[in-house]
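Just below is one structure, and these are the notes that go with it.
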């Protein structure tokens, strides 16, 4: 069975992981209520999509 | 190689997957809009559109083919009698997926899968919803009136119609505050702690 030949230092692992980064979600203003929302999704604030589609009127 | 393997497995065995998709397709035709995950919606869509195309053909062979897949006979009847005529002029693209965002719990991306409707159909649905809400209000007012027999039948009929249209969340909140403010709740707690 394949097995590591050398000890792997913690620094080495951490250096590799410096490239693991979180990306911010792309957000833009809703065309109806102008709160921030993700593109191509129904607005979680006002429930609108594509102009007039009332989808979720979950107010209060 | 995964060449030309074009469908999602949805983490299920073949029979489980088939059962799930049959149920989703049937639910879509029954309720006209269903909430599910994006992956399931996309898989359901292709089968649902195929069923609508069969329904547009309308002959007995098509009907038998659809009846083998759709789980409920009354939904097959609805598909051929009411849904298929909506799309007589439309060649494909009978359904729409509206992404809703990620749900709490497993962060699965959810979506509405719905049958595409014309503006006039939407207006009618809105009118029906308003009428159902008004009927419910009337029933609530009628419940306080002395005529027991009449108010009872209204109560039973109207909320049933309104419940279908309303999202569950809205309904919960109506009932919860009535229970929550609880000086009535405290006494039993005390009795537990002392006893």
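Chains as they are written, first to last, in full-length UniProt numbering: chain A, 1 to 60; chain B, 1 to 195.
We treat Cβ as the ideally placed atom computed from N, Cα and C, and that holds for glycine.
Asked	Found
Neighbour-count burial assignment, residue 1 of chain B, 16 or more Cβ in a 10 Å radius	exposed
Contact with chain A by residue 205 of chain B, beta-carbon distance below 9 Å	With chain B represented from 1 up to 195, any question about residue 205 of chain B goes unanswered, as that position is not in the structure.
Residue 44 of chain B and residue 70 of chain B closer than 9 Å at C-beta	no
Euclidean distance between Cα positions of residue 96 of chain B and residue 41 of chain B	9 Å
Among A/25, A/10 and A/24, the one whose alpha carbon lies nearest that of residue 18 of chain A	A/10
CB contact check: residue 150 of chain B to chain A, cutoff 9 Å	Note that residue 150 of chain B has pLDDT 49, beneath the 50 cutoff, so the model's placement of it is unreliable and no number is given.
Any C-beta of chain A under 9 Å from that of residue 87 of chain B	no
Residue 54 of chain A classed as buried or exposed, judged by whether at least 16 other C-beta atoms fall within 10 angstroms	exposed
Selection of the stretch 33 to 53 of chain A by Cβ proximity to chain B, strictly under 8 Å	38, 40, 41, 42, 44, 49 and 53
Secondary structure of residue 14 of chain A, DSSP reduced to three states	helix
Beta-carbon neighbours of residue 98 of chain B, restricted to chain A and to distances below 9 Å	41, 42, 49, 50, 53 and 55
Distance CB(residue 68 of chain B)-CB(residue 7 of chain B) smaller than 9 Å	no
Residue 34 of chain B, enclosing beta strand (DSSP E) - first and last residue	33 to 37
Contact test: residue 47 of chain A Cβ vs the ligand ATP heavy atom, cutoff 8 Å	The ligand ATP is absent from the structure shown, which contains no ligands of any kind.
At least 3 beta-carbon pairs within less than 8 Å: the stretch 87 to 96 of chain B vs the stretch 11 to 27 of chain B	no
Nearest-angstrom Cα separation, counted from residue 26 of chain A out to residue 88 of chain B	39 Å
Residue-chain proximity (residue 15 of chain A, chain B), Cβ-Cβ < 9 Å	no
Segment contact flag, the stretch 125 to 134 of chain B with the stretch 49 to 65 of chain B, C-beta cutoff 8 Å, min 3 pairs	no
Interface residues of the stretch 108 to 127 of chain B facing chain A [CB-CB below 7 Å]	112
Per-residue burial, residue 39 of chain A [other beta carbons within 10 Å of its own, 16 or more giving buried]	exposed
Interface residues of chain A facing residue 101 of chain B [CB-CB closer than 8 Å]	38, 41, 42 and 44
Cutoff 7 Å; reference residue 49 of chain B; Cβ partners in own chain excluding five residues on either side	92, 94 and 95
Contact check, residue 36 of chain A vs residue 30 of chain A, beta carbons under 9 Å	yes
Test item: CB-CB of residue 101 of chain B and residue 3 of chain A under 9 Å	no
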